[in-house]
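*Asks:* Taken in sequence, the protein lines are chains A and B.
Per UniProt numbering, the very first residue in the first sequence carries number 1; after that it's consecutive.
Per UniProt numbering, the very first residue in the second sequence carries number 1; after that it's consecutive.
Using N, Cα and C, we set each Cβ at its ideal position, and we do this for glycine too.
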Amino acid sequence: MGLTGLEIFKQLPKTNCKDCGQPTCLAFAMQLASGKASLDQCPHVSDAAKEALDSASAPPVALVKVGKGAKEVALGNETVLFRHDKRFEHPTGIAISVSDTDSDIPAKVAEINKLVFDRVGQIHSVNLVAVANASGDAAKFAEAAKAVQDNTEFPLVLISEDPAAMEKALEVAGDNNPLICGANASNLEAMVELAKKYDAPVVIKGADLNELADLVQKAGYKKLFLDSGAREVNKVLADQTQIRRQALKKFRPFGYPTITFADNPDPIQAVVDAGVYIAKYAGIVVLNTADPADVLPLITLRLNIYTDPQKPIAVESKLYEVGNPGPNAPVFVTTNFSLTYFCVQGDIEAGRIDAYILPVDTDGISVLTGWAAGKFTPEKITEMVNETGIADKVSHKKLIIPGGVAVLSGKLQELSGWEVLVGPRESAGIPSFIKQRWNA
Amino acid sequence: MILIGERINGMFKDIREAIQNKDPEPVRYWAKRQYEMCASYLDVNTGPTVEAADQPAVMEWLVKTAQEAAPLPCCIDSTNPDAIEAGLKVHKGKAMINSTTADQFKMDIYIPMAAKYNAAIIGLAMNEKGVPKSASDRIALAMEIVVNCDMHGVPMEDLYIDPLMLPCNVAQEHGVEVLETLRQIKTLADPAPRTTMGLSNSSQRCTNRHLINRTFLIMSMACGLDSAIADVDDEELLDAVAAANILLNKDIYCDSFLKTFRSK
């Protein structure tokens, strides 16, 4: 994003010396804002001003990476408060925590490794393993970090506020770009030194937003995650909102992704809290539970929240069953636009009809749009009928197409060799259509 | 779109006579009428026939009378700083000062006044030398106003830059420059200053004035116009604004958008 004339003018020396070739500093600022001049034409601009102008042109939330290789997690680069304004860019990283007092760490990590789920044809999983220094013992912490690292490919979050313990753990795990969690008012210097040594990201935790802003400015380091120190969900919500809001207004100290902790002892409460954090700007959310039943809804919510609202959402183009369809069940053809598919599916289900649905891949656009764009054609429908092997599942050879594309029926019948019934224009008419017309 | 009703102005015969006779009825009528027709502000102007020395008292009377008749803030319109301050003193709510130019001696009077009374202010992109021709000269003057407002702590949301539209029959080449100026004003600061214009200027002594006004208003809205001083007693103008709000994704569409716009 370009800088505004006012932002630039405030950083200029205001001498009106004309050395830049412009009559006034204000005129020079305007030239800079419109890209017709460059800052080095002014011999009097200070280094501080140069840096301020550079950082003002940086994105509002920095991109910070944790881990290395295929499982690396990148967070930040967000540009909006509400997803419908554009989209949320980098899905919240989900971390599951392990304590260095746990008796069988490899077993616990093995459970975490299994938190991989298939959602709408894609694989989604948790992203990080957090190691907590609950023992307070440096050697134990390092040992736990090693045990975790040896048993998972996920990047690590090292949780300890003791620099000595962190140093030990980093000797083991520092080369893999773990997240150091973290620095606070009392250990800031030591922790930031460690982060610099390993070139790893570090969490800065303030007692409140004011202290957080101060500490970030003192840190003099740019690979940061923010923690406002709040732990009650209402306070975290308020702080997360402020941090994102101020970052978008280019308040540099808050221009970093955040970390949140959903550690309520009641697992249901923890999941609900984590849901709030995922919806409200958390970069990382740390959970204590590795129970798939707790994690699956969060993975699903994250997937939904971080989809691009400008792109139509598609369902996987494959054969779907509604109820318990037998060989006599009707076969409905539609498109894979999720709104379209779920309308059809919902109306079939509401009519208590056991049926098959074939959503043709139209790149996720509706029946009439797909027809107009040449993506919902007799050829494509025929191809899908052949590929899904629906002929082996039913004893009849009848397809039902949406009433809106009745004109396709002749050609489709010819190409596919199936009898084509033209259904109602609206899927709400399917139940009465079936009653009157279906006798396979 | 923030519509500023233009009608309480001594240039109009009925208001001029109302001021002369101290008859509040025409002022009340137009305050209520413009309120019903979706105005967000009432422009109040004594007109040039009132002696300079009498302008503060007349302005005070106009503001009080208008605000008693309609629950709207006023856009206090005068070239006389005493008249403006007199209006601000009796004004209830957040007033708007109409206007300052980019001349330093004027900005030094009006911008601190806006800060003191927490009022919005209209800044004209012109100076003593007159109205600049090109968009870039207009923008340079607008920037002067932006910097002065920033210096006095007047927030950008309270600054309304008027790029100055001139009548299209005699200054036709200014129209495209005004539109370009509107686009560029939004890049001056973040948050951006707001924009306004004296819409009826565009059609002075032209035929089909309403058509010209509303066409230019819609073109300007597409370029980022936030507000206009206009004839709100023009149903077709309101319809066009309602439609433009929909097309610019400012209001959520519904079939009865014309009605919804008026009920706001």
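Quick check on Ala66/B - is its C-beta less than 8 Å from some C-beta in chain A?
*Replies:* False, the Cβ-Cβ gap to chain A never drops below 8 Å.
*Asks:* Given this structure, state the Cα-to-Cα distance separating Met1/A from Ile259/A, to the nearest angstrom.
*Replies:* Because the pLDDT at Met1/A is just 45, under 50, the model does not fix this residue reliably, and the value given afterwards should be weighed accordingly. Roughly 26 Å between the two C-alpha positions.
*Asks:* Using a Cβ-Cβ cutoff of less than 6 Å, which residues in the same chain neighbour Ala53/B once the five nearest sequence positions on both sides are dropped?
*Replies:* For Ala53/B, where only same-chain residues beyond five positions count, there are no Cβ hits under 6 Å.
*Asks:* Please identify the residue among Ile430/A, Glu189/A, Pro201/A whose C-alpha is closest to the C-alpha of Asn176/A.
*Replies:* Here the closest residue by C-alpha is Pro201/A.
*Asks:* Would you kindly work out how many angstroms separate the C-alpha atoms of Asn304/A and Thr79/A, rounded to a whole number?
*Replies:* Cα to Cα, the separation comes out at about 18 Å.
*Asks:* Can at least three beta-carbon pairs, one atom from the region 110–128 of chain B and one from the region 2–19 of chain A, be found at a separation below 8 Å?
*Replies:* Because the criterion of three Cβ pairs below 8 Å is not met, the region 110–128 of chain B and the region 2–19 of chain A do not touch.
*Asks:* Could you tell me which residues DSSP pairs with Gln122/A in its beta bridges?
*Replies:* Per DSSP, Arg119/A.
*Asks:* In chain order, what residues of the same chain lie with their CB nearer than 7 Å to the CB of Gln20/B, ignoring the 5 residues before and after it?
*Replies:* Correct list: empty, nothing qualifies.
*Asks:* Could you tell me whether the Cβ atoms of Thr362/A and Phe342/A are closer together than 8 Å?
*Replies:* In this structure, Phe342/A does not lie closer than 8 Å to Thr362/A by Cβ.
*Asks:* Would DSSP call Ala130/A helix, strand or coil?
*Replies:* In this structure, Ala130/A counts as strand in the three-state DSSP scheme.
*Asks:* Name, please, each residue of chain A whose Cβ falls closer than 8 Å to the Cβ of Val146/B.
*Replies:* Going along chain A in sequence order, the residues near Val146/B (Cβ under 8 Å) are Gly5, Leu6.
*Asks:* Name the residue from Asn16/A, Lys86/A, Glu426/A, Ala95/A whose alpha carbon lies nearest to the alpha carbon of Lys71/A.
*Replies:* The shortest C-alpha separation from Lys71/A is found at Ala95/A.
*Asks:* Can you tell me where the alpha helix (DSSP H) holding Phe261/B begins and where it ends?
*Replies:* Taken as a continuous stretch (DSSP letters only), the alpha helix (DSSP H) holding Phe261/B covers 257–262.
*Asks:* If you draw a straight line from the C-alpha of Val241/B to the C-alpha of Asp234/B, how long is it?
*Replies:* Looking at the two C-alpha atoms, the distance is approximately 11 Å.
*Asks:* Find out if the Cβ-Cβ distance for the pair Leu237/A, Val203/A is shorter than 8 Å.
*Replies:* Not in contact: Leu237/A and Val203/A (Cβ atoms no closer than 8 Å).
*Asks:* Would you decide whether residue 265/B is buried or exposed? Buried here means 16 or more other CB atoms lie within 10 Å of its CB.
*Replies:* The first residue shown for chain B is 1 and the last is 264, placing residue 265/B beyond what the model contains.
*Asks:* In whole angstroms, what separates the C-alpha of Gln436/A from that of Asn245/B?
*Replies:* Rounded to the nearest angstrom, the two C-alpha atoms are 47 Å apart.
*Asks:* So the candidates are Ala279/A, Phe154/A, Arg87/A, Ala145/A; which of them puts its Cα closest to the Cα of Val116/A?
*Replies:* Taking only the C-alpha atoms, the option nearest Val116/A is Phe154/A.
*Asks:* So the candidates are Lys411/A, Gln240/A, Phe225/A, Arg352/A; which of them puts its Cα closest to the Cα of Glu321/A?
*Replies:* Measuring from the Cα of Glu321/A, the nearest candidate turns out to be Arg352/A.
*Asks:* Leaving out five residues on either side along the sequence, give the residues of the same chain with a beta carbon under 7 Å from the beta carbon of Pro43/A.
*Replies:* Taken in chain order, the residues that qualify are Asp19.
*Asks:* Leaving aside the five residues before and after Lys65/A along the sequence, list all residues of the same chain whose C-beta is less than 6 Å from its C-beta, in chain order.
*Replies:* For Lys65/A, where only same-chain residues beyond five positions count, the Cβ hits under 6 Å are Glu72, Ala74.
*Asks:* Using DSSP bridges, identify the partner residues of Arg194/B.
*Replies:* In the DSSP output, where bridge partners are listed per residue, Arg194/B has Tyr160/B.
*Asks:* Could you check the C-alpha separation between Ile365/A and Ile434/A for me, to the nearest Å?
*Replies:* Each residue's alpha carbon lies about 26 Å from the other.
*Asks:* Return no unless some Cβ of chain B is closer than 8 Å to the Cβ of Phe376/A.
*Replies:* Not one chain B Cβ lies under 8 Å of Phe376/A.
*Asks:* What are the boundary residues of the beta strand (DSSP E) that Asn9/B is part of?
*Replies:* First-last of the beta strand (DSSP E) with Asn9/B: 2–9.
*Asks:* What number of angstroms, rounded off, separates the C-alpha of Leu72/B from the C-alpha of Glu6/B?
*Replies:* Each residue's Cα considered, the two are about 13 Å apart.
*Asks:* Touch check for the region 291–303 of chain A and the region 376–389 of chain A: three-plus C-beta pairs under 8 Å?
*Replies:* As far as the Cβ criterion goes, the region 291–303 of chain A does not touch the region 376–389 of chain A, which means the pair count is below three.
*Asks:* To the nearest angstrom, report how far apart Arg83/A and Thr79/B are at their CA atoms.
*Replies:* Distance between the alpha carbons of Arg83/A and Thr79/B: 47 Å.
*Asks:* State the Cα-Cα distance for the pair Ala226/A and Thr92/A, rounded to the nearest angstrom.
*Replies:* In the sequence as displayed, the identity of residue 226/A is Leu instead of Ala. Answer to the nearest angstrom: the Cα atoms are 14 Å apart.
*Asks:* Going by DSSP, what residues sit across from Gly123/B in a beta bridge?
*Replies:* The partner list for Gly123/B (beta bridge, DSSP) reads Thr100/B, Ile161/B.
*Asks:* Whose Cβ in chain B lies nearer than 7 Å to the Cβ of Phe141/A?
*Replies:* What Phe141/A touches in chain B: nothing, since even the nearest Cβ is about 45 Å away.
*Asks:* Looking at the strands, I want to know which residues DSSP matches up with Phe225/A.
*Replies:* Paired residue(s): Val203/A.
*Asks:* With a threshold of 7 Å on Cβ separation, who are the neighbours of Leu141/B within its own chain once the five nearest residues in sequence on each side are excluded?
*Replies:* Closer than 7 Å at Cβ, skipping near neighbours: Ala102, Ala125, Met126, Asn127, Pro132.
*Asks:* Closer than 8 Å, CB to CB, is Met30/A near chain B or not?
*Replies:* Cβ-Cβ to chain B under 8 Å: yes for Met30/A.
*Asks:* Give me the DSSP bridge partner(s) of Ala183/A.
*Replies:* Beta-bridge pairing links Ala183/A to Ile204/A.
*Asks:* Cβ of residue 470/A within 8 Å of Cβ of Gly323/A?
*Replies:* Residue 470/A cannot be examined here, being either before or after the span of chain A that is shown, 1 to 440.
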